[in-house]
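Enquirer: Just so it is clear: in the sequence shown, position 57 is 59 by our numbering, and no numbers are missing.
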Amino acid sequence: MIYRANCGAKNQANATFCVNCGAKLVKPAQSSQPTQQVQPVKPAKTGKRRADLKQVRKWKKQILIAAAVLLVLLAGYGYGKAYYAKDKQIVQPLQEYYKANPDQGQQRRC
Numbered sequence: 003m004i005y006r007a008n009c010g011a012k013n014q015a016n017a018t019f020c021v022n023c024g025a026k027l028v029k030p031a032q033s034s035q036p037t038q039q040v041q042p043v044k045p046a047k048t049g050k051r052r053a054d055l056k057q058v059r060k061w062k063k064q065i066l067i068a069a070a071v072l073l074v075l076l077a078g079y080g081y082g083k084a085y086y087a088k089d090k091q092i093v094q095p096l097q098e099y100y101k102a103n104p105d106q107g108q109q110r111r112c
């Protein structure tokens, strides 16, 4: 078994790449001196970081939904203002009617 110094993963003696991080393994040179066995390094726990990333994604999703709702509301307001304004509903049809019937407009304006 070969231990990777950076990530501490156990690898087979004939492996060329680390099973944990994928880095190329360097075979230790055979020497007459006894080698010191390297203790494996435990990888840092990523549970807190994953929780933080989930929280950030949750906030991003909520902000995007709120922005989409706001955009739809503004578009609806603009559409209503453009097509259902008081001028469009009352004044403009009356002006068109009086233009088409000029004698009717004179009788009403006593």
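Don't be surprised by glycine CBs; every beta carbon is placed ideally from N, CA and C.
As the structure is a computational prediction, the values presented were derived from the model and not from experiment.
1) Among 92, 100, 6, which has the Cα closest to the Cα of residue 41?
2) On the DSSP letters alone, give me the boundaries of the alpha helix (DSSP H) that residue 96 sits inside.
3) Determine the contact status of residue 21 and residue 13, defining contact as a CB-CB distance below 7 angstroms.
4) Could you give the distance in angstroms between the alpha-carbon of residue 53 and the alpha-carbon of residue 24?
5) Excluding the 5 residues preceding and the 5 following residue 17 in the sequence, name in chain order all residues of the same chain whose CB lies nearer than 8 angstroms to its CB.
6) Between which residues of its own chain and residue 55 is the CB-CB distance below 6 angstroms, once the five residues before and five after are set aside?
Expert: For this structure:
1) 6
2) 94-102
3) In this structure, residue 13 lies closer than 7 angstroms to residue 21 by Cβ.
4) Going by the C-alpha atoms only, they are around 25 angstroms apart.
5) 4, 27
6) none
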